[in-house]
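S.K.: Counting from 257, one number per residue, gives the positions in the sequence shown under the numbering used here.
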Amino acid sequence: MEAYHTNLGNHDTSVREAATHDYVRFWDGEARHLHWFEPWSQTLSWNPPFARWFVGGTTNMSYNALDVHQETRSDKPAIYWEGEDGSTRTITYGEMYRMVCRLANALEGLGVKKGDRVTLYMPMVPELIASMLACARIGAVHTVVFSGFSSSSLADRINDSGSGVLITADVGYRRGGSIDLARTAKEALDRTPSVRHTVVLNRAGPAPHGWIPWSDMMEHPDSHRAAAVSSTDPLFILYTSGTTGKPKGVLHGTGGYMTHVHSTFGWAFDIRDGDVYFCTADVGWVTGHSYVAYGPLLCGATQIMYEGVPDYPDASRLWKIIERYGATILYTTPTALRMLIKYGDKIPRSHDLSTLRLLGSVGEPINPEVWRWYHDTIGGGRCPVIDTWWQTETGGMLISALPGIESLPLKPGSGTLPIPGVQMEVVDEEGTPAAPDTKGYLTIRNPWPGVMLTLWGDDQKYRDTYWSRFPGRYYPGDYAKVDGDGYLWLLGRADDILKVSGHRIGTAELESCLVSHEAVAESAVVGVPDSIRGEGIVAFVVLREGIQDANIGQALREMVAGQIGPVARPDAVYPVPALPKTRSGKIMRRLLRSMVTGGSTGDTTTMEDSSVLDGIRDSIGGRSG
Ligand code: WTA
257 MEAYHTNLGN HDTSVREAAT HDYVRFWDGE ARHLHWFEPW SQTLSWNPPF
307 ARWFVGGTTN MSYNALDVHQ ETRSDKPAIY WEGEDGSTRT ITYGEMYRMV
357 CRLANALEGL GVKKGDRVTL YMPMVPELIA SMLACARIGA VHTVVFSGFS
407 SSSLADRIND SGSGVLITAD VGYRRGGSID LARTAKEALD RTPSVRHTVV
457 LNRAGPAPHG WIPWSDMMEH PDSHRAAAVS STDPLFILYT SGTTGKPKGV
507 LHGTGGYMTH VHSTFGWAFD IRDGDVYFCT ADVGWVTGHS YVAYGPLLCG
557 ATQIMYEGVP DYPDASRLWK IIERYGATIL YTTPTALRML IKYGDKIPRS
607 HDLSTLRLLG SVGEPINPEV WRWYHDTIGG GRCPVIDTWW QTETGGMLIS
657 ALPGIESLPL KPGSGTLPIP GVQMEVVDEE GTPAAPDTKG YLTIRNPWPG
707 VMLTLWGDDQ KYRDTYWSRF PGRYYPGDYA KVDGDGYLWL LGRADDILKV
757 SGHRIGTAEL ESCLVSHEAV AESAVVGVPD SIRGEGIVAF VVLREGIQDA
807 NIGQALREMV AGQIGPVARP DAVYPVPALP KTRSGKIMRR LLRSMVTGGS
857 TGDTTTMEDS SVLDGIRDSI GGRSG
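#1: Apart from the five residues just before and just after Leu847, which ones in its own chain have a Cβ nearer than 6 Å to its Cβ?
#2: Mapping the DSSP letters down to three states, classify Pro333 as helix, strand or coil.
#3: What I want to know is whether the C-beta of Trp712 ends up closer than 7 Å to one or more non-hydrogen atoms of the ligand WTA.
#4: I'd like the list of long-range same chain contacts for Glu765, defined as Cβ closer than 6 Å, with 5 residues on each side in sequence excluded.
#5: Quick one: what's got a C-beta closer than 7 Å to Trp302's C-beta in the same chain, skipping five residues either side?
#6: Which same chain residues, not among the five before or five after Asp426, have their C-beta less than 8 Å away from its C-beta?
#7: With burial defined as no fewer than 16 other Cβ atoms inside 10 Å of the residue's Cβ, what is the status of Gln647: buried or exposed?
#8: Which partner residues does Arg760 have in the DSSP bridge list?
#9: Name the residue from Met514, Ala557, Asp526, Leu264 whose alpha carbon lies nearest to the alpha carbon of His325.
#10: Report buried or exposed for Gly637, applying the criterion of at least 16 other Cβ atoms within 10 angstroms of its Cβ.
#11: Report the partner residues of Met378 according to the DSSP bridge assignment.
#12: Secondary structure at Thr694, three-state DSSP: helix, strand or coil?
#13: Measure the Cβ-Cβ separation of Ile793 and Asp751 and say whether it is below 8 Å.
#14: Which stretch, first to last residue, makes up the alpha helix (DSSP H) that contains Asp412?
#15: Helix or strand or just coil, what does DSSP make of Gly395?
#16: Compare the beta carbon distance of Ile843 and Ala780 with 8 Å and say whether it is the shorter of the two.
#17: Is Pro624 near the ligand WTA, judged by its Cβ being under 7 Å from some heavy atom?
#18: Going by other Cβ atoms of all chains shown within 10 Å of its Cβ, with 16 needed for buried, is Pro624 buried or exposed?
#19: Check Leu507 in the structure and name its three-state DSSP category.
#20: At a cut-off of 7 Å, is Ser407 close to the ligand WTA when judged by its beta-carbon and the heavy atoms of the ligand?
#21: DSSP three-state label for Val868, please.
#22: Could you spell out where the alpha helix (DSSP H) holding Val548 opens and where it closes?
#23: Could you pull the DSSP bridge partners for Met708 from this structure?
#24: Check whether the Cβ atoms of Glu484 and Leu389 lie closer than 8 Å to each other.
#25: Answer with buried or exposed for Arg605, where buried requires no fewer than 16 other C-beta atoms within 10 angstroms of its C-beta.
Below, the structure is given as structure tokens:
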């Protein structure tokens, strides 16, 4: 007997069969569930590594998210919003439609046209989703910057995208306090010459001088004709950390992305009209784009949007929200679960979670014991837990159990199978298929609709980063293995990208920030296991000659938090006499990591100077055991 199962009574074998038989034709059929102004002439144009889906077709994301629901669902809640202080709002499909139309008209009045970039720097409020949809409505390209990022991160993204308009809020609310987003935005605007207009959702007071208050935008007419956008036109840029010092602008298109998100949202969450879906991701990250802003609206679903942290004012917050709104589906991160587990079972058990019927996890590997707790304690043993693997670059889920179409045995800790129409293979260094249960590199052999168009302004880097390590295949940068049943197990990043609380942070970005400090000559950053956040950040720095400063570690931690954002603040910064390097000058991070975790330093024969390790050991003071 199988212990865990998706078992929701759905079994549509035709989906997987059709997809395996001819994936291009299969996705052609999926795209037909959406509204198109003009049909496409070519389902897939595949000029490796550039995939263009539904070529020649025109459509509009905002039309598919809103207009198509107006006749049947205009009074249906699209969003139940809850603030951290307990205040609530309900926004129906009709209200959302009118807000987006007003905003689209207003943006056009500001001169925003198809292809123009608009940066959004906002907290978790419905107006952020409305702003994304308004951009999509006129064919403008939105670039959402997570509201926890600093002014320099914001300025860099505005400048790289060349945004002409910034939409922000005066404040965000978090952990009982307010965050002065307007101040951060103002600092950024000092060095962003492209921005002609700043719109502000002024929640706490009047709009700052020279900025357009939200109420002005809402004075525009509440109907608007959605632009016919080419399927292959860009929808958004989302910056994400890579292996270089500068974040990459992942560019997503319209028709392919829309189709991918629409299909996967329905398959994974088995979405039905009465569902109340709750995803805890911030819209500033890709999960919030695909499965908060777009997926639920495309499917006409009702969702809960919560502005706040899961443990404020206490660890019962998420369970209270589920109880209050009768949530049926919860989609959250292993980090949030690990944090809540430590408060024990009594808190969730004292809430009515009986409305839940499906649970999802995203962003990092989920430990089997956390999976079981999620299944048993939160799901009461009745709800399938789906572990969804994907990336900013993939647009939507690529590995997940799909309770909406398939009945499948589940294994705690495994993402199960690739979604229909996607062929994956785990390979060794040379690109030959790895034996079952052997750790290798995850690769993808064919394009899928949600695949990014390219990196904003850098086709070559797109090619080099994702399609060169294993020629002809997409390489996501993850380790994985396949078991005897063909199930995939994700085993973490194979490159220098960290996952801290599910947030993606590149070590190169942290290092380039650290060496920008005048006292720092060299730096190396490593991820170390953290029982709650998955990974923690530890930095090693070599100070410039003659610099003696007992507080430098603390100062550098704060500098990183200030320059990139609090999510990137290192847990520790150790000044060391030198970094361990190979004879060819490569930093041996593996050694640095084991110095902190107390693991064996293993083979050190390739080191240029092995006495360096003693110096580091002394500097970090006995932590290396
Ligand atoms: C990791 C987040 C294991 C992985 C949607 C990937 C996961 C990176 C999972 C992308 C999962 C995401 N199991 N690892 N279910 N989901 N990852 O761009 O390393 O923020 O490459 O997208 O997160 O992070 P990103």
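Beta carbons: idealized from backbone N, C-alpha and C, even for Gly.
M.R.: In brief:
#1: Once the five neighbours on either side are set aside, the close Cβ partners of Leu847 are Pro836, Thr857.
#2: The answer is strand: DSSP assigns Pro333 an E or B state.
#3: No, the beta carbon of Trp712 sits no closer than 7 Å to any heavy atom of the ligand WTA.
#4: Cβ neighbours of Glu765 beyond the five flanking positions: Ser497, Gly501.
#5: Hits under 7 Å: Pro703.
#6: Asp436, Leu437, Ala438, Val456, Leu457, Asn458, Arg459, Ala460, Gly461, Ala463, Pro464, listed in sequence order.
#7: In summary, Gln647 is buried, with 16 or more beta-carbon neighbours lying within 10 Å of its beta-carbon over all protein chains present.
#8: Under the DSSP definition of a beta bridge, Arg760 partners with Lys755.
#9: Among Met514, Ala557, Asp526, Leu264, the Cα nearest to that of His325 belongs to Ala557.
#10: Exposed, since its Cβ has fewer than 16 Cβ neighbours within 10 Å.
#11: Answer is none; Met378 lacks a bridge partner.
#12: Look at Thr694 here: in three-state DSSP terms it is coil, with no helix or strand label.
#13: It is not a contact, given that the beta carbons lie outside the stated cut-off.
#14: Unbroken alpha helix (DSSP H) run through Asp412: 407-417.
#15: Three-state DSSP puts Gly395 in coil, outside helix and strand.
#16: Cβ distance < 8 Å, so Ile843 and Ala780 count as in contact.
#17: No - the ligand WTA has no heavy atom lying nearer than 7 Å to the Cβ of Pro624.
#18: Per the 10 Å Cβ criterion, exposed.
#19: Strand, per DSSP.
#20: Taken from the Cβ of Ser407, every heavy atom of the ligand WTA lies 7 Å or farther away.
#21: Of the three classes helix, strand and coil, the one that applies to Val868 here is helix, per DSSP.
#22: Neither: Val548 is in no alpha helix (DSSP H) and is coded neither H nor E.
#23: In DSSP, Met708 forms no bridge with anything.
#24: The identity of residue 484 in the sequence shown is Ala, whereas the question assumes Glu. Pairing Ala484 with Leu389 gives a Cβ-Cβ distance that is not under 8 Å.
#25: Result: exposed.
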